[in-house]
Ligand code: AMP
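Residue numbers (the numbering used here): 14 to 230.
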């Protein structure tokens, strides 16, 4: 199962990716997570990426394309994966198609999750993550606790989830990423899913879309 999960920040791609990983036992490749890890460890990649990420801007194409080429090298990974947050520009999408062709990877589908902008700003303002296990919560689910209910790790809010930076990220999505909808629609690989519903129902919609479109799964 090879899937691209696509959509603006805050539509629930990370949450849905985790559910799909349980369903299909596939690798979850999130460029955002990989870049945050690189920033935390102050690797040369992280040092280059940090200022772009802090401002809510995209990290340059050549950096993220190089990163994805590295990640997809191992054969077991490239047979079964979800891409979350990549591609985000037309050059990235074209580079990915070329890479897929070179490595003999076929794509099962591109799922575009859609949520209103006001709801995105509200959701990201309420989102908290666990530093230890990466679990994602809403403030309401935590009832004031600062520790992860699953592993006891420290919870935090991403700096780029604050409303001003989210507005910038949404502008960037509109300008640079939304043209990919047409790119994937033209090649008949795109399925739109309404992300305004509860998590479990959105998961069901994604599975329905994957099974409906790809009888080979
Ligand atoms: P995310 O966790 O997917 O929201 O990504 C967080 C930040 O990482 C983004 O706002 C970008 O600065 C950077 N980033 C993640 N994926 C990409 C990508 N495919 N291209 C460029 N920048 C990216």
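Glycine included, each C-beta is placed from N, C-alpha and C at the ideal position.
Since the model is a prediction, treat every value here as computed from it, not as a measurement.
- When DSSP reads this structure, residue 122 sits in a beta bridge with 16.
- Residue 39 and residue 89 have their alpha carbons spaced roughly 9 Å apart.
- With a contact defined as Cβ atoms closer than 8 Å, residue 97 and residue 26 qualify at about 5 Å.
- Put simply, of 222, 136 and 211 the residue whose alpha carbon is nearest the alpha carbon of residue 202 is 222.
- Residue 137 is classed as buried because its beta carbon has at least 16 other beta carbons within 10 Å across all chains shown.
- For residue 180, the uninterrupted alpha helix (DSSP H) run begins and ends at 176-185, by DSSP.
- In this structure, 49 is the residue among 49, 68, 69 and 92 with its C-alpha nearest to the C-alpha of residue 80.
- Distances between the C-beta of residue 101 and the heavy atoms of the ligand AMP include at least one below 6 Å.
- Annotation for residue 209 indicates a beta carbon at 6 Å or more from all heavy atoms of the ligand AMP.
- Under DSSP, residue 96 takes part in a beta bridge, and its partners are 17 and 42.
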